[in-house]
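Residue numbering for the sequence shown is 252 to 501, as defined by my numbering. Just so it is clear, CB atoms sit at the ideal spot from N, CA and C, and this is done for glycine as well. Have a look at the structure below, then the notes.
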Amino acid sequence: PFGWTQDDDSNGAWPIDGTDQYVCGYDVQVARKICDTYGWNLKIIKTDWDGLIPGVVSGKLDCCISTLGVTEERLQSVDFSDYYWNNGCVMVVRKDSKYANATSIQDFAGAKVTSQAVSIWLPLVKQIPDVQEQPGLGEMSELFVGVSSGKLDAIITGLSEAQSGCMSNPDLTYVTFEDGKGFDVELSSLCAGIPIAKGNTELKNKINNAITDMIQDGSWQRAISDNTRGVAYTPNAKYNPPVPNGKGNK
């Protein structure tokens, strides 16, 4: 629900600068809300995943609204807004595999596992005992194909990515873990914020105020609902919507 490209401006889509395509989704609605709040002109620039943080650092991008987790590594390069999403952490497997009934990461001992390159998920692979860690892949579609084909036993990703991928690949499913049986990961890493250039306090405060308004006036909930209609997707209710003070949960 966060972002996809299409050929027209239906459903609130916005033009991608320098192309004939449009982008739609939850992240786009957040961007529009922020810009509408302050009367700013929204300009969306298509950027590769591994170019998002460098784009903010270089000044090519004022900010990046792409459900990026707030990690210590990223905080060395940029500042982040308050949280505006919490994704959770799951593993995607084939429905007919022995891993479909897994209840802890211990059950994946010896499995072939990876995640998206340059993501918050990839470092978690090493927490699985005796794991056969595979190279990270650039696109989520490659990861789902890898599991479907049997090249991979499992991938680590967020709940939203897993639900979307399993809907498109009916041979796949995802497994979740109770507290204490999953990955050791900071809550902040699972929470999305908006990266902003270091020291740009004015922009950070304005974005935080707009996020707070979205949560309090109901437009956060509407943005989720509008972009998940007809899709088997449910936000992580334990942590969403995030509280306005940036703690990442209710």
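Rounded to the nearest angstrom, what separates residue i and residue j at their Cα positions?
{"i": "T318", "j": "I371", "result": "11 Å"}
{"i": "V281", "j": "S392", "result": "25 Å"}
{"i": "K457", "j": "T288", "result": "9 Å"}
{"i": "L438", "j": "V426", "result": "19 Å"}
{"i": "N352", "j": "V343", "result": "11 Å"}
{"i": "I462", "j": "L312", "result": "19 Å"}
{"i": "A360", "j": "L293", "result": "47 Å"}
{"i": "I296", "j": "G269", "result": "8 Å"}
{"i": "L375", "j": "L394", "result": "16 Å"}
{"i": "F331", "j": "G444", "result": "6 Å"}
{"i": "G290", "j": "T322", "result": "30 Å"}
{"i": "N451", "j": "V307", "result": "11 Å"}
{"i": "G499", "j": "D347", "result": "Confidence is the limiting factor: at G499 the pLDDT is only 37, short of 50, which leaves the residue's position unreliable, though a coordinate-based value still follows. Each residue's Cα considered, the two are about 35 Å apart."}
{"i": "D271", "j": "E453", "result": "33 Å"}
{"i": "N262", "j": "C275", "result": "7 Å"}
{"i": "Q257", "j": "A264", "result": "8 Å"}
{"i": "V329", "j": "K349", "result": "41 Å"}
{"i": "Q414", "j": "S476", "result": "15 Å"}
{"i": "S366", "j": "K402", "result": "13 Å"}
{"i": "R325", "j": "D358", "result": "31 Å"}
{"i": "S411", "j": "D464", "result": "24 Å"}
{"i": "K284", "j": "K455", "result": "15 Å"}
{"i": "I304", "j": "T298", "result": "10 Å"}
{"i": "D260", "j": "V279", "result": "12 Å"}
{"i": "G469", "j": "A362", "result": "43 Å"}
{"i": "G497", "j": "S309", "result": "With a pLDDT of 48 at G497, under the threshold of 50, the modelled position of this residue cannot be trusted, and the question is left open."}
{"i": "V396", "j": "A474", "result": "29 Å"}
{"i": "K377", "j": "Q385", "result": "10 Å"}
Please state whether DSSP places residue i in a helix, a strand or coil.
{"i": "E384", "result": "strand"}
{"i": "K294", "result": "coil"}
{"i": "N337", "result": "strand"}
{"i": "W300", "result": "helix"}
{"i": "T504", "result": "This structure cannot settle anything about residue 504, because the visible part of the chain is limited to 252 through 501."}
{"i": "Q367", "result": "strand"}
{"i": "C442", "result": "strand"}
{"i": "G269", "result": "coil"}
{"i": "A264", "result": "coil"}
{"i": "L394", "result": "helix"}
{"i": "G431", "result": "coil"}
{"i": "G469", "result": "coil"}
{"i": "G389", "result": "coil"}
{"i": "S419", "result": "helix"}
So, are the CB atoms of residue i and residue j less than 8 Å apart?
{"i": "Y277", "j": "P266", "result": "no"}
{"i": "D301", "j": "V382", "result": "no"}
{"i": "F428", "j": "I356", "result": "yes"}
{"i": "N337", "j": "C417", "result": "no"}
{"i": "S399", "j": "D430", "result": "no"}
{"i": "T354", "j": "K449", "result": "no"}
How many whole angstroms separate the CB atoms of residue i and residue j, which I take to be in contact at a CB cut-off of 8 Å?
{"i": "V364", "j": "I406", "result": "7 Å"}
{"i": "G339", "j": "G387", "result": "Going by Cβ atoms, the distance from G339 to G387 rounds to 20 Å, so no, they are not a contact pair."}
{"i": "I447", "j": "C286", "result": "Incorrect: roughly 15 Å between the Cβ atoms, too far for contact."}
{"i": "G320", "j": "S440", "result": "5 Å"}
{"i": "N459", "j": "D333", "result": "5 Å"}
On the DSSP bridge assignment, give the partners of residue i in chain order.
{"i": "D330", "result": "I447"}
{"i": "I406", "result": "V343 and T365"}
{"i": "Y425", "result": "V343"}
{"i": "V274", "result": "T256 and W265"}
{"i": "C314", "result": "I447"}
{"i": "G320", "result": "A443"}
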